[in-house]
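Final position of the sequence shown in UniProt numbering is 154; the numbers increase by one with none missing.
For every residue, glycine included, the Cβ atom is placed at its ideal position computed from N, Cα and C.
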Amino acid sequence: MIEQERLPDIRTTAQAWESLFRAQVAVMRRLQALPEFRKLSVREYDVLFNLTRCPGGWTRLNELNENLLISQPSLSRMVDRLEAKGLVLRRTAEQDQRGIEISLTEAGRELQRRIGREHVRHLHELIAPALSAEEFGQLQALTEKLRSGLSPGC
Numbered sequence: 001m002i003e004q005e006r007l008p009d010i011r012t013t014a015q016a017w018e019s020l021f022r023a024q025v026a027v028m029r030r031l032q033a034l035p036e037f038r039k040l041s042v043r044e045y046d047v048l049f050n051l052t053r054c055p056g057g058w059t060r061l062n063e064l065n066e067n068l069l070i071s072q073p074s075l076s077r078m079v080d081r082l083e084a085k086g087l088v089l090r091r092t093a094e095q096d097q098r099g100i101e102i103s104l105t106e107a108g109r110e111l112q113r114r115i116g117r118e119h120v121r122h123l124h125e126l127i128a129p130a131l132s133a134e135e136f137g138q139l140q141a142l143t144e145k146l147r148s149g150l151s152p153g154c
C-alpha cells in the first residue's frame with residue numbers, strides 16, 4: 001500500500017485511469033476485428049481462455065465470473081451457447097449440489113489453442129511496436145501491482 005503522504009491527487013488518479021481504460025478500449029476494438037474472432041467473439045474466447053487456467057479442469061460458474069467483465073446472467077447464457085457448440089461441459093458442483101461447474105471439451109480446448117496462437121501473434125504485431133521490452137516489463141509490473149492492491153471483492 002502507498003504511504004498516505006505519497007498518494008496522488010484525485011485528478012492524477014482519474015487521468016491515469018482514463019488513459020489506461022482508453023488504451024484498453026483502443027486495443028480491444030482492433031482485436032475484435034481480427035480474423036480469429038470470426039468463429040468466436042472475444043468474450044467467448046475469454047471464457048475458453050480462463051477455463052484453460054483452472055487447475056482441476058473444472059470451475060464454478062461464479063468463480064469463472066470473477067475474472068470476466070460480464071454479468072452472471074450473461075455468462076450463464078454464453079455458457080449455454082458454448083455448450084450447444086460442444087465447446088464446454090456443464091455439471092452439478094461436486095461440493096455443493098446447488099452450484100454449477102464448467103470445463104472445456106476437447107474441441108473447446110483445441111479451438112482455444114488455435115485461436116490463441118493467432119491472437120497472440122496478432123496482439124504482438126499490434127502492440128509490440130508501441131513500447132520497448134523494458135516498458136512492457138514496467139507495464140506488467142504496474143498492472144499486477146494495481147490488481148494486487150485492490151482489496152478482495154473489488
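Gly57 and Ala141 have their alpha carbons spaced roughly 28 Å apart.
Excluding sequence positions up to five before and after Leu111, its CB lies within less than 8 Å of the CB of Lys39, Leu40, Leu48, Leu87, all in the same chain and listed in chain order.
Burial is judged here by how many other beta carbons sit within 10 angstroms of a residue's own beta carbon; Gly108 has at least 16 and is buried. Its Cα nearest to that of Glu106, the residue Leu51 stands out among Glu144, Leu51, Gly149. In the DSSP assignment, Leu89 is bridged to Ser103. Residue environment analysis places Ile10 among the exposed positions, since fewer than 16 neighbouring C-beta atoms fall within 10 angstroms of its C-beta.
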